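Q:
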Ligand code: C5P
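Residue numbers (the UniProt record's numbering): 1 to 200.
1) By Cβ distance below 6 Å, which residues in the same chain neighbour residue 61 in space, the five residues on each side in sequence not counted?
2) Please state if the CB of residue 31 and the CB of residue 122 are separated by a distance shorter than 7 Å.
3) For residue 88, report the span of its alpha helix (DSSP H) as first-last.
4) Count the C-beta pairs between the region 150–157 and the region 66–77 that are closer than 8 Å, then say yes if the count reaches three, no if not.
5) Determine contact between the region 95–112 and the region 6–23, defined as no fewer than three beta-carbon pairs at a distance below 8 Å.
6) As a quick exercise: from 37, 196, 51, pick the residue whose alpha carbon is nearest that of residue 68.
7) May I ask whether a heavy atom of the ligand C5P can be found less than 6 Å away from the beta carbon of residue 34?
8) Within 10 angstroms of the Cβ of residue 177, are there 16 or more other Cβ atoms? Answer buried if so, exposed if not.
9) Do residue 135 and the ligand C5P come close, with the Cβ less than 6 Å from some heavy atom?
10) Could you tell me the alpha carbon to alpha carbon distance between residue 133 and residue 139, rounded to whole angstroms?
11) Taking 6 Å as the limit between beta carbons, can you name the residues of its chain near residue 114, skipping five residues before and five after?
12) Run the CB neighbour count on residue 157, radius 10 Å, all protein chains shown included, and call it buried at 16 or more, exposed below.
13) Count the other CB atoms within 10 Å of the CB of residue 79; is the residue buried (16 or more) or exposed (fewer)?
14) Does the Cβ-Cβ distance between residue 21 and residue 196 come in under 7 Å?
15) Where DSSP assigns a beta bridge to residue 106, which residues make up the other side?
16) What did DSSP end up calling residue 80 once you bin it into helix, strand or coil?
17) If you check the beta carbons only, do residue 28 and residue 119 fall under 7 Å apart?
18) Closest to residue 86 by C-alpha separation, out of 161, 166, 13, would be which residue?
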């Protein structure tokens with residue numbers, strides 16, 4: 001039977017870590033939908049047309065170094081384009097309904113891509129906590145940046161993702177909100193599994 005778990009939230013709230021752990025816990029496939037937008041953003045930054053880039057996306061485009069601040073900003077700029085979002089819907093829905101169940105994380109999974117998902121989480125944290133986590137991650141990977149720059153980037157992306165007309169970032173009405181600001185990774189994962197078990 002297919003069972004879809006939708007996990008949404010802003011950048012660096014812990015969605016990715018929680019989604020991977022949840023998928024491993026239930027033995028389900030996992031799709032990081034942000035990678036789709038990052039791949040389109042990277043192609044557009046290299047000169048491609050946004051809609052053509054979205055329509056011609058292949059698995060090979062999801063490889064490579066897409067986890068940079070520049071690609072994140074490029075992703076959030078292409079993500080406001082309704083036609084780009086529409087071009088990525090079928091792939092995400094097909095993934096969501098695969099046998100054995102699937103975990104999808106992103107911004108609009110519970111609201112637009114899988115509004116009927118039985119389990120929905122909205123993972124969030126304060127902008128300062130998220131920026132601190134992202135700053136450590138980037139610095140650890142050798143990126144030259146400052147906390148102030150990362151915080152400004154996080155806030156800019158939040159504002160653009162929340163204000164856009166199509167599929168804005170917001171919790172679905174039936175989502176369980178998990179604020180990870182004061183939670184350890186282990187406690188955040190446990191809270192997610194508890195919320196999902198209650199819907200199974
Ligand atoms: O999650 P991640 O930080 O990789 O997402 C990069 C950008 O892609 C987000 O800032 C957002 O603009 C966009 N995105 C989206 N819808 C999704 C996933 C990501 O609009 N489902």
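All C-beta atoms in this analysis are idealised placements derived from N, C-alpha and C, irrespective of residue type, glycine included.
Please read these numbers as outputs of a predicted model, since none were measured by experiment.
A: Taking the geometry as given:
1) So the list reads 39, once near-sequence residues are dropped.
2) No Cβ-Cβ contact shorter than 7 Å links residue 122 with residue 31.
3) Note, residue 88: premise wrong, no alpha helix (DSSP H); not H, not E.
4) Here the region 150–157 makes contact with the region 66–77; the two share three or more CB pairs at distances below 8 Å.
5) Touching, per the Cβ criterion.
6) Nearest to residue 68 by C-alpha distance, out of 37, 196, 51, is 37.
7) True, at least one ligand heavy atom lies under 6 Å from that Cβ.
8) Residue 177 should be labelled exposed.
9) The answer is no for residue 135.
10) One alpha carbon belongs to residue 133, the other to residue 139, and they sit about 10 Å apart.
11) Here the set comprises 4, 6, 96.
12) Classified as buried, residue 157 has 16 or more neighbouring CB atoms from the shown chains inside 10 Å of its CB.
13) With 16 or more Cβ atoms within 10 Å of its Cβ, residue 79 is classed as buried.
14) Not a contact, by the Cβ cut-off of 7 Å.
15) Bridge partners of residue 106: 8.
16) It is coil, neither helix nor strand.
17) Not a contact, by the Cβ cut-off of 7 Å.
18) Cα-wise, what sits closest to residue 86 is 166.
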